[in-house]
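In our numbering, the protein residues as written are 17 to 203.
In structure tokens:
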């Protein structure tokens, strides 16, 4: 994978826009998921994803070919999401109704012809609850928790994405987990 990505990036650096479209195809889902988990809103996540790819494209010459492209790209996306969180307190929540719909919230967009089995309902409710609880964390803990547990990245990768020492990442993950644990006890 890394060899393929390297070849594609060399093409992008030569100005090949089709090669950049290939890069986007490879990473668009992961970038979107990071943004969505950070922001909890479909439209905001789409905006951040597009902005992350735009920044990656315009700054491709500053990308260090000796590092993983995904780490560089995820750092851009994470920083954009954190900037957006800092600039404004979200005035929307996952449980808010989607505009122009009846009884449709951002995280209940599930199509099913028959009733969901009870265990599926419980699992979905648990995912919704976890997402709500993660959204309550301060951005610095939220990003560390999302990258570790929801994106399953290593401490080293998270350290590179957040541009922090591994020890700081460990501390943020620990404190984020403690905050989630406390919220669980209090609810």
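All C-beta atoms in this analysis are idealised placements derived from N, C-alpha and C, irrespective of residue type, glycine included.
With a cut-off of 8 Å, do at least 3 Cβ pairs link the stretch 60-72 to the stretch 174-185?
No, they do not touch.
For the candidate residues 86, 97, 197 and 178, whose alpha-carbon lies nearest to that of residue 21?
Here the question's residue 21 lines up with position 5 in the chain shown. Considering only alpha carbons, the answer is 86.
Could you spell out where the alpha helix (DSSP H) holding residue 192 opens and where it closes?
Locating residue 192 in the chain shown gives position 176, counting from the first residue. From DSSP, the alpha helix (DSSP H) with residue 192 extends over 182-202.
Apply the 10 Å Cβ neighbour rule to residue 28 and answer buried if 16 or more other Cβ atoms are within range, or exposed otherwise.
By one-based count along the chain shown, residue 28 stands at place 12. By the 10 Å Cβ count, residue 28 comes out buried.
Whole-angstrom Cβ separation of residue 58 and residue 93, contact assumed at under 8 Å?
Numbered from its first residue, the chain shown carries residue 58 at position 42. Numbered from its first residue, the chain shown carries residue 93 at position 77. The pair is not a contact, with the Cβ atoms about 15 Å apart (cut-off 8 Å).
Return the CA-CA distance between residue 81 and residue 95, expressed in angstroms with no decimal places.
Here residue 81 corresponds to residue number 65 of the chain shown, with the count starting at 1. Here residue 95 corresponds to residue number 79 of the chain shown, with the count starting at 1. The alpha-carbon atoms of residue 81 and residue 95 are separated by roughly 20 Å.
Skipping 5 residues on each side, what residues in its chain have a beta carbon closer than 8 Å to that of residue 40?
For the purposes of this step, residue 40 is identified with residue 24 of the chain shown, where counting begins at 1. Here the set comprises 69.
For residue 154, does the three-state DSSP call read helix, strand or coil?
On the chain shown, residue 154 is found 138 positions in, with the first residue counted as 1. DSSP places residue 154 in coil when its eight states are reduced to three.
Shortest alpha-carbon distance to residue 89 belongs to which of 144, 74, 23 and 101?
Counting from 1 along the chain shown, the entry for residue 89 is found at position 73. The shortest C-alpha separation from residue 89 is found at 74.
Compare the beta carbon distance of residue 155 and residue 83 with 8 Å and say whether it is the shorter of the two.
Taking the chain shown and counting its residues from 1, the one referred to as residue 155 is at position 139. Taking the chain shown and counting its residues from 1, the one referred to as residue 83 is at position 67. No, these two residues do not count as a Cβ contact at 8 Å.
Between 182, 34 and 149, which lies nearest to residue 200 when the distance is taken from Cα to Cα?
Sequence index remark: in the chain shown, residue 200 carries index 184 (1-based). Nearest option by C-alpha distance: 149.
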